[in-house]
Amino acid sequence: MASHVVVLDSSARRAVIKTTPAKHLADVLQEACTKLGLDASRHGLKNNSNKTLDLSQPIRLSGLSSGAKLQVVVLSRSPSVVSVALQLPDSESGASNRLTGKFPSTTTIWLLLRHFESESTGSEPSRNFTGRGIPQMETGASGSGRLFYETPVVQVMGRELVSFADLQKSLAQLGFNSGGVLLRLSFRRTERPLEEAIVEIDQYFKSAEGEQTGGVHSASAAKAGSGPSVLEPFPAPNDRERPSPQEPSSPSQIQPPSQQSAALFSSQSPIGDEAQARPESSALLSDALPTLDTIITGPPERPISVFAPSSASTPAASRQAFNEKDYEPTIAHAKLHQARLATSSVNRRLPTDAELAVQAETQAKKTADAKDVGIKVRFPDQMQVISTFSHLDTSTTLYNFVKGLMEKENEPFSLNFSSAQGPRSLPKDGNVRLIGDLGMAGRVLVNVLWEVGASSEVRAGSVLKPEFQNKAKQIEVKEIESVETVEKANETVEGKGKQKDEGRERKGGVPRWLKLPGKK
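The following block contains the structure:
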């Protein structure tokens, strides 16, 4: 049984820690980091065999001998997932006496209790683990009595967490960085009045919870419902606050609809994350950039451009000449493939909660800043209509726009488009915004699909009204000029290289191994 252990850091500094059989390795790490000036939440312990120790175990179960040497190592900054089960007392068990959930290893015991409190459903009574009060009357007094605070007591692996300092410890500080843990909950009456205890809780946990990732609110603020905690899900897209439309500050900023549409489609194609998320839409729209002379007025006085399908039976890509050697893999392709395999085999750190929150905030800001989106509507007969929609337009607006272009408006149809999450259908009813809720940005391709109730006549005939079909134009695709091959130049370079190699071989004369002994 170890009576003391020696803890070393990376610079060979040592700290002697006295131990008892019931002392946990997490306490040993805490004392060692205090002496060495390190942060215990970012470090762990390893033994001589370079095996990471389970900090939740006591000394008697760790298998360490007296005077064992341990090494302090830096842990990963990414929190791991721990499965937590909370065993409730008989007075609070109800239908289920055990609550389960998965939490990051950086979550404190207090936050766990607060999370399980807010997890109660409508059919179950509300739970109260952190703000309980019990009446107590003085001797000879009558009435309801004064409420005294009843503190939660958590037992885990033979340890009892009672004080506020103990409840503020995270799962990692208790030695639980992976796997599962069972917490047993009980309550103990104190001599502090409930109102004084609530004030003390507010003062103690306000600064501690403010440092948690994601901006967790204090205990009193969370109880009053002032904001969501870090363990609560994000609000649905329809529940988010919608930005109010901005009015132009000067008359010069107001442009006619035709100029707005032309300015949108004459701009550069989307780059960055938007272009990667919609490669198909950008590629299909890059060959059809309307100008002012091709823009006409559509259904609700909306500027549109109509393009007819190609009259040729063979696709344009099949008519282009190509070189078969372009499809033969080269050494450069093989090296690039090997480099990508090596890059993909490297372990990568998962983003933390703070990084995910920053990414979500950046994406929400980018969506809020988008004011217009260019939409190309492709009909079943391959007719295409392009128009511009603002951030105030909804899916209902798009359905009414498409219905106004069709000759037979009563035929059932649906609209879908490709997003970063895959193909999505546009809802017919509902106030769903095209930009804010559906995430449309840049240029988007929307396909019109006939539903089951559509007639065979409309499936085989033209879809658009005659006034729009007569104004349709062909999509002009610029042909790329052919590039002359450089095979002759390569052959010339290879021939010169061979001549140089042959010249080097003849320059040496008689080989050294052929010379007779004694001659130099």
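Numbering-wise (full-length UniProt numbering), the sequence shown opens with residue 1 and increments by one. Here a beta-carbon is modelled for each residue, glycine too, at the ideal position from N, C-alpha and C. It should be emphasised that the depicted structure is a prediction, and the values quoted were computed from it without experimental measurement.
Taking only the alpha-carbon atoms, compute the straight-line gap between Glu476 and Ala364 and give it to the nearest angstrom. 37 Å
Inset, instruction - Could you tell me the distance, in whole angstroms, from the CA atom of Ser65 to the CA atom of Leu185? - result: 34 Å
Grab the span of the alpha helix (DSSP H) containing Val162 for me, first residue to last. First-last for Val162: undefined, no H or E at that position.
Practice prompt. Ignoring anything shorter than 4 residues or poking outside the stretch 15 to 70, list the alpha helix (DSSP H) runs there in chain order.
Written response: 25 to 36 and 59 to 62
>> Need the endpoints of the alpha helix (DSSP H) that Phe468 sits in, please.
In response: Pro466 to Gln469
Item to complete: Output the distance between the C-alpha atoms of Glu117 and Lys169, rounded to the nearest integer angstrom.
Response: 18 Å
- Under the DSSP definition of a beta bridge, which residues are partnered with Ile134? Phe148
Quick one: residues in its chain with C-beta nearer than 8 Å to the C-beta of Thr52, no 5 flanking neighbours on either side, listed in chain order? Gly44, Leu45, Lys46 and Val73
Return the chain-ordered list of same chain residues with a C-beta closer than 8 Å to the C-beta of Thr367, the five sequence neighbours on each side being excluded. Ile435, Gly436, Gly439 and Ala441
| field | Beta-carbon separation (whole angstroms), Val446 vs Phe417, contact threshold 8 Å | value | 5 Å
(request) Express the C-alpha separation of Tyr149 and Arg188 in angstroms, rounding to a whole number. (result) 9 Å
Item to check | Assigned secondary structure, Ser414 (DSSP; H/G/I helix, E/B strand, else coil) | outcome: strand
Any contact of the stretch 74 to 94 with the stretch 172 to 184, i.e. 3+ C-beta pairs under 8 Å? yes
Where Thr106 falls, given that 16 or more other Cβ within 10 Å makes a residue buried
buried
| query | Going by other Cβ atoms of all chains shown within 10 Å of its Cβ, with 16 needed for buried, is Thr388 buried or exposed? | reply | buried
With Thr388 as the anchor, note down where its beta strand (DSSP E) starts and where it stops. Gln384 to Ser390
#### Entry: Gly298, buried or exposed, once every other Cβ within 10 Å from all chains shown has been counted against 16
buried
Among all the DSSP beta bridges, which residues are the ones paired with Thr394? Arg433
- Could you give the residue range of the beta strand (DSSP E) that holds Ile375? Asp372 to Arg378
Ends of the beta strand (DSSP E) at Ala308? Pro303 to Ala308
**Prompt:** If you check the beta carbons only, do Ile386 and Ser305 fall under 8 Å apart?
**Reply:** yes
So within the stretch 80 to 110, which uninterrupted beta strand (DSSP E) runs reach at least 3 residues, ignoring any that extend past its ends?
81 to 87 and 98 to 104
- prompt: For Ser218, is the classification buried or exposed, using 16 other Cβ atoms within 10 angstroms of its Cβ as the cut-off for buried?
  reply: Per-residue confidence for Ser218 stands at a pLDDT of 35, beneath the threshold of 50, marking its modelled position as unreliable; no derived number is given.
Assuming Leu167 contacts Ile109 under a Cβ cut-off of 8 Å, what Cβ separation, rounded to an integer in Å, is found between them?
5 Å
May I ask you to report which of helix, strand or coil DSSP gives Ser118? helix
Q | Through-space distance from Ser126 to Glu196, alpha-carbon basis | A | 23 Å
Inter-residue Cα distance where the pair is Ala460 and Ala312 = 19 Å
Contact defined as beta carbons within less than 8 Å: I believe Pro58 pairs with Gly158. What is the distance between those atoms, to the nearest angstrom? 7 Å
Task: 8 Å Cβ cutoff met for Thr19 and Val7 - done: no
Subject >> The beta strand (DSSP E) enclosing Thr190, as first and last residue numbers >> reply: Gly180 to Pro193
Since Phe413 and Pro300 should fall inside the 8 Å C-beta cutoff, what is the C-beta to C-beta distance between them, to a whole number of angstroms? Phe413 to Pro300, Cβ: 18 Å. No contact.
Taking Cβ to Cβ, would you say Leu147 is nearer than 8 Å to Leu86? no
How many Å lie between Phe307 and Lys465 at the Cα? 13 Å
To the nearest angstrom, how far is it from the Cα of Met406 to the Cα of Thr397? 15 Å
Taking the alpha-carbon positions, what's the Gln359 to Ala420 distance? 15 Å
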